[in-house]
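Following: one structure in C-alpha coordinates, then a few remarks.
Quick look at the structure:
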(Lines of atoms letter the chains of each structure in order from A and count residues from 1; the text may use other names and numbers.)
(Lines give C-alpha, C1' and ligand atoms only; values in the text may rest on other atoms or scores of the structure.)
Protein backbone atom coordinates (compact mmCIF):
# COMPACT_ATOMS: atom_id res chain seq x y z
CA UNK A 1 0.00 0.00 0.00
CA UNK A 2 1.40 3.39 -0.97
CA UNK A 3 0.81 6.66 0.80
CA UNK A 4 0.76 9.91 -1.14
CA UNK A 5 2.72 12.64 0.60
CA UNK A 6 2.32 16.16 -0.71
CA UNK A 7 5.17 18.36 0.47
CA UNK A 8 4.09 21.66 -1.02
CA UNK A 9 1.66 23.76 0.97
CA UNK A 10 -0.79 26.44 0.05
CA UNK A 11 0.13 29.84 1.38
CA UNK A 12 -2.09 32.90 1.81
CA UNK A 13 0.76 34.97 0.34
CA UNK A 14 0.81 33.26 -3.06
CA UNK A 15 -1.96 34.75 -5.15
CA UNK A 16 -2.71 37.19 -7.96
CA UNK A 17 -5.86 38.81 -9.33
CA UNK A 18 -6.28 38.83 -13.11
CA UNK A 19 -8.82 40.74 -15.18
CA UNK A 20 -8.58 39.40 -18.76
CA UNK A 21 -10.32 42.44 -20.29
CA UNK A 22 -11.28 45.79 -18.90
CA UNK A 23 -13.48 48.51 -20.34
CA UNK A 24 -11.66 51.72 -21.18
CA UNK A 25 -12.69 55.20 -20.15
CA UNK A 26 -15.16 56.19 -22.89
CA UNK A 27 -15.29 53.63 -25.69
CA UNK A 28 -15.55 50.64 -23.36
CA UNK A 29 -13.36 48.65 -25.73
CA UNK A 30 -11.18 45.90 -24.31
CA UNK A 31 -7.76 46.95 -23.04
CA UNK A 32 -4.80 44.86 -22.06
CA UNK A 33 -5.04 42.28 -19.27
CA UNK A 34 -4.76 43.83 -15.82
CA UNK A 35 -3.04 41.89 -13.05
CA UNK A 36 -3.27 43.50 -9.63
CA UNK A 37 -0.35 42.94 -7.27
CA UNK A 38 -2.58 42.22 -4.31
CA UNK A 39 -1.32 41.79 -0.79
CA UNK A 40 -4.65 41.13 0.89
CA UNK A 41 -8.10 39.84 0.09
CA UNK A 42 -10.65 37.37 1.37
CA UNK A 43 -12.99 34.97 -0.33
CA UNK A 44 -16.25 36.82 0.34
CA UNK A 45 -19.02 35.25 2.35
CA UNK A 46 -22.25 34.04 0.83
CA UNK A 47 -25.72 33.52 2.27
CA UNK A 48 -28.42 31.17 1.08
CA UNK A 49 -31.77 32.91 1.34
CA UNK A 50 -34.44 31.22 3.42
CA UNK A 51 -38.16 31.69 3.99
CA UNK A 52 -39.89 30.72 7.19
CA UNK A 53 -42.75 28.28 6.63
CA UNK A 54 -45.38 27.04 9.09
CA UNK A 55 -47.25 23.80 8.90
CA UNK A 56 -49.49 22.30 11.54
CA UNK A 57 -48.05 24.50 14.27
CA UNK A 58 -44.43 23.71 13.37
CA UNK A 59 -41.95 26.19 11.96
CA UNK A 60 -39.24 25.32 9.40
CA UNK A 61 -37.09 27.08 6.83
CA UNK A 62 -36.93 26.49 3.08
CA UNK A 63 -34.55 27.80 0.41
CA UNK A 64 -35.91 30.90 -1.35
CA UNK A 65 -33.78 30.29 -4.47
CA UNK A 66 -31.38 33.18 -3.87
CA UNK A 67 -27.73 33.26 -2.90
CA UNK A 68 -26.38 36.63 -1.77
CA UNK A 69 -22.65 37.32 -2.13
CA UNK A 70 -20.84 39.88 0.00
CA UNK A 71 -18.81 42.73 -1.52
CA UNK A 72 -15.27 41.67 -2.45
CA UNK A 73 -12.51 43.87 -0.99
CA UNK A 74 -9.01 43.74 -2.47
CA UNK A 75 -5.87 45.46 -1.15
CA UNK A 76 -3.27 46.09 -3.84
CA UNK A 77 0.07 47.80 -4.39
CA UNK A 78 -0.12 50.76 -6.77
CA UNK A 79 2.47 50.44 -9.54
CA UNK A 80 5.12 53.13 -10.13
CA UNK A 81 3.19 54.72 -13.02
CA UNK A 82 -0.21 54.43 -11.27
CA UNK A 83 -1.47 52.35 -14.22
CA UNK A 84 -3.54 49.93 -12.16
CA UNK A 85 -5.08 52.71 -10.05
CA UNK A 86 -5.82 54.89 -13.12
CA UNK A 87 -7.41 51.94 -14.94
CA UNK A 88 -9.77 51.21 -12.05
CA UNK A 89 -10.50 54.95 -11.69
CA UNK A 90 -11.36 55.27 -15.39
CA UNK A 91 -13.55 52.16 -15.20
CA UNK A 92 -15.64 53.64 -12.35
CA UNK A 93 -15.93 57.02 -14.13
CA UNK A 94 -16.98 55.31 -17.40
CA UNK A 95 -19.72 53.36 -15.62
CA UNK A 96 -20.99 56.52 -13.93
CA UNK A 97 -20.86 58.68 -17.07
CA UNK A 98 -22.70 56.12 -19.19
CA UNK A 99 -25.34 55.58 -16.51
CA UNK A 100 -26.07 59.31 -16.41
CA UNK A 101 -26.18 59.70 -20.21
CA UNK A 102 -27.78 56.43 -21.29
CA UNK A 103 -29.32 54.88 -18.19
CA UNK A 104 -27.22 51.73 -18.65
CA UNK A 105 -26.85 49.28 -15.82
CA UNK A 106 -23.34 48.78 -14.38
CA UNK A 107 -23.59 45.11 -15.30
CA UNK A 108 -23.23 46.21 -18.93
CA UNK A 109 -19.64 47.14 -17.99
CA UNK A 110 -18.84 44.08 -15.92
CA UNK A 111 -16.03 41.65 -16.71
CA UNK A 112 -14.90 38.33 -15.30
CA UNK A 113 -11.92 38.09 -12.95
CA UNK A 114 -9.82 35.23 -11.63
CA UNK A 115 -8.04 34.94 -8.30
CA UNK A 116 -5.20 32.44 -8.76
CA UNK A 117 -3.70 30.76 -5.69
CA UNK A 118 -0.38 28.93 -5.93
CA UNK A 119 1.60 26.68 -3.61
CA UNK A 120 5.17 27.20 -2.40
CA UNK A 121 6.51 25.81 -5.69
CA UNK A 122 4.41 28.30 -7.72
CA UNK A 123 2.03 25.58 -8.95
CA UNK A 124 -1.54 26.77 -9.27
CA UNK A 125 -3.70 24.91 -6.73
CA UNK A 126 -6.93 26.91 -6.67
CA UNK A 127 -8.68 29.23 -9.07
CA UNK A 128 -11.61 31.36 -7.97
CA UNK A 129 -13.60 32.69 -10.92
CA UNK A 130 -15.72 35.79 -10.27
CA UNK A 131 -18.48 36.45 -12.83
CA UNK A 132 -19.60 39.91 -13.95
CA UNK A 133 -17.30 41.97 -11.72
CA UNK A 134 -17.38 45.76 -11.59
CA UNK A 135 -15.73 48.19 -9.17
CA UNK A 136 -17.96 49.68 -6.54
CA UNK A 137 -15.31 51.80 -4.84
CA UNK A 138 -11.68 52.77 -5.09
CA UNK A 139 -10.02 53.67 -1.80
CA UNK A 140 -7.78 56.52 -0.91
CA UNK A 141 -4.02 56.74 -1.41
CA UNK A 142 -1.82 58.47 1.10
CA UNK A 143 1.00 60.72 -0.16
CA UNK A 144 3.35 61.23 2.76
CA UNK A 145 7.06 61.24 3.50
CA UNK A 146 6.66 60.30 7.16
CA UNK A 147 6.03 56.63 6.53
CA UNK A 148 9.52 55.92 5.19
CA UNK A 149 9.98 53.76 2.10
CA UNK A 150 6.57 52.14 1.91
CA UNK A 151 4.74 51.10 -1.22
CA UNK A 152 1.71 53.07 -2.35
CA UNK A 153 -1.29 50.96 -1.43
CA UNK A 154 -4.97 51.15 -2.20
CA UNK A 155 -8.15 49.17 -1.66
CA UNK A 156 -10.87 48.46 -4.21
CA UNK A 157 -14.29 46.96 -3.58
CA UNK A 158 -15.97 44.92 -6.28
CA UNK A 159 -19.53 43.75 -6.83
CA UNK A 160 -20.13 40.56 -8.83
CA UNK A 161 -22.84 38.04 -9.65
CA UNK A 162 -21.21 34.93 -8.20
CA UNK A 163 -17.96 33.10 -7.73
CA UNK A 164 -16.98 29.50 -8.34
CA UNK A 165 -14.06 27.52 -6.94
CA UNK A 166 -11.95 25.29 -9.13
CA UNK A 167 -9.31 23.07 -7.56
CA UNK A 168 -6.40 22.56 -9.92
CA UNK A 169 -5.01 19.02 -9.79
CA UNK A 170 -1.40 18.23 -10.45
CA UNK A 171 -0.73 15.91 -13.39
CA UNK A 172 2.07 14.08 -11.58
CA UNK A 173 0.90 13.01 -8.13
CA UNK A 174 3.36 11.18 -5.91
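Numbering (the numbering used here), first residue to last: 11 to 184. For each residue, glycine too, the CB sits at the ideal point set by N, CA and C. Bear in mind the structure is a predicted one, so any value in this text is a computation, not a measurement.
- The distance from the Cβ of residue 56 to that of residue 79 is about 5 Å, consistent with a contact at the 8 Å cut-off.
- If you draw a 10 Å sphere on the C-beta of residue 65, you find fewer than 16 other C-beta atoms in it, and that means exposed.
- Excluding its 5 nearest sequence neighbours in each direction, residue 85 has C-beta neighbours in its own chain below 8 Å: 48, 49, 50, 51, 163, 164, 165, listed in chain order.
- If the five residues before and after residue 126 are omitted, its C-beta is found closer than 7 Å to the C-beta atoms of 25, 26, 28, 134, 137, all from its own chain and listed in chain order.
- According to the DSSP assignment, residue 173 belongs to the beta strand (DSSP E) that extends over 172-177.
- For the set 149, 129, 119, 45, the Cα lying nearest the Cα of residue 171 is the one of 119.
- Linking residue 93 to residue 101 through their CA atoms gives a straight-line distance of about 12 Å.
- Exposed is the label assigned to residue 61, since fewer than 16 other Cβ atoms lie within 10 Å of its Cβ.
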